[in-house]
Amino acid sequence: MSRLFDFARPLLHAFSPETAHDLTIATLSSGLFRADPVPRDVRLHVNCMGLDFPNPLGLAAGFDKNAKVPDDMLRLGFGFVEIGSVTPRAQKGNDKPRLFRLSDDRAVINRMGFNNDGHPRVFGRLSDRDDRGGIVGVNLGANKDSDDRIADYALGAAVFNKLASYITVNISSPNTPGLRALQSKGELEALISRVRKAIDGSVEEDGRRAPLVLKIAPDLVEDELDDIAAVCLKTKVDAIIVSNTTITRPPLKSKHRDEAGGLSGPPLFGLSTVQLARMHSATNGKLPLIGAGGISCAEDAWQKLRAGASLLQLYSALVYQGPQLIGDILQGLIDRMDAHGFSGLHQVTGSGRDEWLKGGPSRE
Ligand SMILES: Cc1cc2nc3c(=O)[nH]c(=O)nc-3n(C[C@H](O)[C@H](O)[C@H](O)COP(=O)(O)O)c2cc1C
Numbered sequence: 059m060s061r062l063f064d065f066a067r068p069l070l071h072a073f074s075p076e077t078a079h080d081l082t083i084a085t086l087s088s089g090l091f092r093a094d095p096v097p098r099d100v101r102l103h104v105n106c107m108g109l110d111f112p113n114p115l116g117l118a119a120g121f122d123k124n125a126k127v128p129d130d131m132l133r134l135g136f137g138f139v140e141i142g143s144v145t146p147r148a149q150k151g152n153d154k155p156r157l158f159r160l161s162d163d164r165a166v167i168n169r170m171g172f173n174n175d176g177h178p179r180v181f182g183r184l185s186d187r188d189d190r191g192g193i194v195g196v197n198l199g200a201n202k203d204s205d206d207r208i209a210d211y212a213l214g215a216a217v218f219n220k221l222a223s224y225i226t227v228n229i230s231s232p233n234t235p236g237l238r239a240l241q242s243k244g245e246l247e248a249l250i251s252r253v254r255k256a257i258d259g260s261v262e263e264d265g266r267r268a269p270l271v272l273k274i275a276p277d278l279v280e281d282e283l284d285d286i287a288a289v290c291l292k293t294k295v296d297a298i299i300v301s302n303t304t305i306t307r308p309p310l311k312s313k314h315r316d317e318a319g320g321l322s323g324p325p326l327f328g329l330s331t332v333q334l335a336r337m338h339s340a341t342n343g344k345l346p347l348i349g350a351g352g353i354s355c356a357e358d359a360w361q362k363l364r365a366g367a368s369l370l371q372l373y374s375a376l377v378y379q380g381p382q383l384i385g386d387i388l389q390g391l392i393d394r395m396d397a398h399g400f401s402g403l404h405q406v407t408g409s410g411r412d413e414w415l416k417g418g419p420s421r422e
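Heads up: the sequence shown begins at 59 in this note's numbering, then just goes up one per residue.
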């Protein structure tokens with residue numbers, strides 16, 4: 059599979075990014091490919107939110123919006139997969155082109171706008187795979203034309219509670235106007251309490267309650283971040299994903315750098331990792347954090363853990379490096395634990411937080 063990607067990448071990148079993505083999903087779902095084995099090591103196991111993750115590296119939301127290939131992605135070696143964002147009703151998203159490769163920066167800009175098949179179809183696909191195991195989280199969004207966006211999240215929580223390993227409330231997409239306002243203190247408390255009620259109301263005989271995860275933007279000022287931390291501690295959110303894409307534009311080389319939308323990949327790494335350290339500090343390390351944003355090698359993954367993450371997610375680096383990256387990162391984490399004599403990743407989480415609060419280790 060990995061060698062196949064080396065061969066296929068120039069071909070794939072000859073297509074528009076969205077066509078290349080659709081071809082990748084179709085190829086993966088054909089089941090024709092065998093994945094290279096990834097390193098397995100008991101020291102990579104993470105216990106978090108009551109779930110036992112075989113390794114800390116997850117696929118971030120947006121790659122498999124419609125739950126077409128969660129098992130194929132788990133087979134490639136990811137420790138967990140997050141599908142979505144999914145909204146109550148199917149929607150087309152923004153006009154094309156809306157996805158841009160910034161190859162010189164190994165980055166991506168997207169303004170997809172929650173294009174997805176809607177709850178019923180995605181629920182159907184997840185029901186079909188229900189007995190296959192593995193950790194598959196469901197990331198929820200709100201319809202663009204919704205009168206009551208909080209109700210959209212509550213509905214999603216009720217619908218997916220019984221099938222989702224965990225539920226992510228994504229209020230940090232920059233591509234649905236007004237959505238990020240739900241990150242403000244008052245709105246957020248109302249949102250979490252309605253989503254919790256919806257989960258409680260949908261608990262069946264097995265008593266299963268999906269853990270609740272909040273996904274935030276990297277573009278929050280310190281007061282906003284502190285407010286979110288306080289609300290999450292008070293309402294006992296199970297974990298926070300830091301972060302979604304950024305609407306800021308650090309210096310970039312590629313011709314598409316001024317496209318509107320959310321920027322992801324390496325240029326997001328520093329910003330999202332500093333925010334991760336801030337969130338670890340604001341929550342006193344009491345809430346598990348999932349570090350996402352610009353991970354493109356083992357050292358990045360290691361630094362996210364040092365800044366405060368218990369789990370990790372990536373997406374953009376797959377576009378440039380393919381699935382080989384998964385095994386490379388896991389092996390790199392094992393090598394670093396060996397070098398430090400660590401017996402598990404819990405010893406890494408937060409160990410470099412103070413350095414990251416000052417901007418992170420200097421990089422050559
Ligand atoms: C094309 C694209 C689509 C995305 N769609 C979603 C989405 O629907 N919901 C969501 O929560 N995040 C979405 N994201 C954000 C990613 O999940 C992730 O948080 C972000 O890209 C940072 O990680 P990365 O630098 O490893 O890509 C999307 C990202 C990309 C590149």
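The beta-carbon is built from N, C-alpha and C at its ideal position, and this holds for glycine as well.
Nothing here was measured: the structure is a model prediction, and the numbers come from that model.
Item checked: Euclidean distance between Cα positions of F181 and G399 -> 44 Å
Checklist line | Length of the line joining the Cα atoms of E262 and L415 | finding: 43 Å
Item checked: Whole-angstrom distance between D210 and P95, CA atom to CA atom -> 39 Å
Check: Which two residues bound the contiguous alpha helix (DSSP H) that contains L329?
Finding: F327 to A340
Notebook entry, point to check: Can F172 be considered in contact with ligand 1, in the sense that its beta carbon sits closer than 7 Å to one or more heavy atoms?
Noted result: yes
Notebook entry, point to check: Mind checking whether N233 and G323 have CB atoms under 8 Å apart?
Noted result: no
Check: Would you report the Cα separation of T77 and R159, rounded to the nearest angstrom?
Finding: 12 Å
Check: Anyone know if the C-beta pair for G366 and R67 falls short of 8 Å?
Finding: no
Checklist line | Range of the contiguous beta strand (DSSP E) that encloses E140 | finding: F138 to V144
Next item on the list: Whole angstroms is fine: what's the gap from D396's alpha carbon to H103's?
Entry: 15 Å
Notebook entry, point to check: Quick one, which of S409, H71, Q333 and D153 has its alpha-carbon nearest P276's?
Noted result: Q333
Checklist line | Start-to-end residues for the beta strand (DSSP E) that takes in Q371 | finding: L369 to L372
Checklist line | A350 CB to nearest heavy atom of ligand 1 below 7 Å | finding: yes
Note to self: Closer than 7 Å to a non-hydrogen atom of ligand 1 - does that hold for the CB of L213?
What the structure shows: no
Notebook entry, point to check: Per DSSP, what kind of secondary structure is S204 in: helix, strand or coil?
Noted result: coil
Notebook entry, point to check: Would you call the segment 279 to 298 and the segment 234 to 246 touching, i.e. three or more CB-CB distances under 8 Å?
Noted result: yes
Margin query: For P309 and F218, what's the separation of their Cα atoms in angstroms?
Written below: 40 Å
Margin query: Shorter than 7 Å, the distance from the beta carbon of N219 to the closest heavy atom of ligand 1, or not?
Written below: no
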